[in-house]
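Chains as they are written, first to last, in the UniProt record's numbering: chain A, 1 to 144; chain B, 1 to 144.
Single-structure report; data block below.
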DNA sequence: TAACAATAGTTGCATATGCAAATATACACT
DNA sequence: AGTGTATATTTGCATATGCAACTATTGTTA
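The following block contains the structure:
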């Protein structure tokens with residue numbers, strides 16, 4: 001396809017930004033000082049506690065420095081803690097703290113509500129189609 | 001729709017990030033020190049030279065501080081210049097410089113190539129559908 | 001006209017990202 | 001064992017964004 005796919009980047013970018021903004025503000029309104037990026041990490045750890053930073057990097061599709069600094073912030077806020085790994089002293093395993101677990105529990109309904117809101121008026125078919133297309137774009141941009 | 005729309009935010013975010021990365025690297029490989037965000041502004045100015053910063057903010061869906069700083073960078077690199085407005089001394093009109101114009105001309109084919117690449121294997125119908133859905137998400141997140 | 005509100009832009013602070021370079025540790029191979 | 005390579009994480013630098021606060025100027029209106 002040519003010439004028609006004019007402003008995909010623009011629509012992608014502004015929508016992503018707005019979605020993140022909504023999540024961030026909802027967290028803030030609920031009394032939680034957490035960014036969407038931090039939420040993603042907490043959410044992953046909630047289903048797989050004790051991942052290493054490089055595991056987290058892979059699962060969140062971020063690079064090592066980004067994860068390193070997000071973990072810094074989450075640790076500073078006492079949502080997670082780094083535990084050294086016995087067999088490999090280069091690594092840390094990252095665990096949710098009590099407070100981290102509570103926070104994920106508290107925010108999960110809010111996140112579901114926002115997800116539903118973002119998808120209002122759209123169908124299951126739309127979802128399938130959208131995922132197919134966006135992941136095709138992702139693949140198209142992944143090759144050299 | 002419920003419960004199914006699980007990871008839209010994640011797919012949006014990682015795809016947007018990858019698209020921007022591809023554009024940035026392509027610019028760099030072509031010898032241009034320009035970010036995708038800076039490109040968007042140059043591209044808008046190329047079709048409407050002399051917009052004010054608040055016009056640019058509106059058209060690019062960014063806030064005033066973001067535009068202010070992007071213009072700072074573009075001006076420092078001599079791609080644009082701020083011209084004071086006679087009737088309203090609060091305002092600047094932003095103009096592409098010679099170099100800015102040359103740069104847009106040089107990068108346009110590259111941008112088109114990348115747009116085509118991102119849309120490879122997808123149809124005009126996919127495009128319509130995708131735009132409908134992503135803009136619906138945008139609207140859903142725009143209301144209070 | 002004086003006071004107040006609105007508009008245009010800038011600046012400071014916190015966060016996130018990409019990249020390159022650095023450190024520390026583990027692994028592999030001769 | 002010793003050298004070189006790979007892996008895990010951190011740090012520095014540049015850029016972008018959201019938000020709040022600030023300055024300067026313009027508009028409104030009592």
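Note that beta-carbon positions come from the ideal geometry of N, C-alpha and C, so glycine has one too.
Residues bridged to residue i [DSSP beta-bridge criterion]
i, result
"residue 52(B)", "93(B)"
"residue 80(A)", "96(A)"
For residue j and residue i, the rounded distance between their alpha carbons
i, j, result
"residue 83(B)", "residue 110(A)", "47 Å"
"residue 108(A)", "residue 28(B)", "41 Å"
"residue 57(B)", "residue 140(B)", "21 Å"
"residue 67(A)", "residue 53(A)", "6 Å"
"residue 100(A)", "residue 65(A)", "22 Å"
"residue 76(A)", "residue 21(B)", "30 Å"
"residue 61(B)", "residue 113(B)", "24 Å"
"residue 115(B)", "residue 138(B)", "21 Å"
"residue 69(A)", "residue 91(A)", "15 Å"
"residue 26(B)", "residue 142(A)", "13 Å"
"residue 24(B)", "residue 38(B)", "10 Å"
"residue 89(B)", "residue 35(B)", "30 Å"
"residue 14(A)", "residue 85(A)", "41 Å"
"residue 7(B)", "residue 51(B)", "38 Å"
"residue 31(B)", "residue 121(B)", "29 Å"
"residue 102(B)", "residue 74(B)", "14 Å"
Residue i in three-state terms, based on DSSP
i, result
"residue 136(A)", "helix"
"residue 9(B)", "helix"
"residue 16(A)", "helix"
"residue 119(A)", "coil"
"residue 35(A)", "coil"
"residue 3(A)", "In this prediction, residue 3(A) scores a pLDDT of 49, lower than 50, which makes its location untrustworthy; no coordinate-derived value is stated."
"residue 30(A)", "coil"
"residue 112(B)", "helix"
"residue 63(A)", "coil"
"residue 85(B)", "coil"
"residue 143(A)", "coil"
Classification of residue i by the beta-carbon crowding that lies within 10 angstroms, buried from 16 upward
i, result
"residue 104(A)", "buried"
"residue 78(B)", "exposed"
"residue 80(B)", "buried"
"residue 9(B)", "buried"
"residue 40(B)", "buried"
"residue 125(B)", "exposed"
"residue 19(B)", "buried"
"residue 123(B)", "exposed"
"residue 128(A)", "exposed"
Cβ-heavy atom distance, residue i to the ligand MN, below 7 Å
i, result
"residue 47(B)", "Here there are no bound small molecules, and the ligand MN is not part of this structure."
Notebook entry, point to check: Any chance the stretch 46-53 of chain B sits against the stretch 87-98 of chain B, with 3 or more Cβ pairs inside 8 Å?
Noted result: yes
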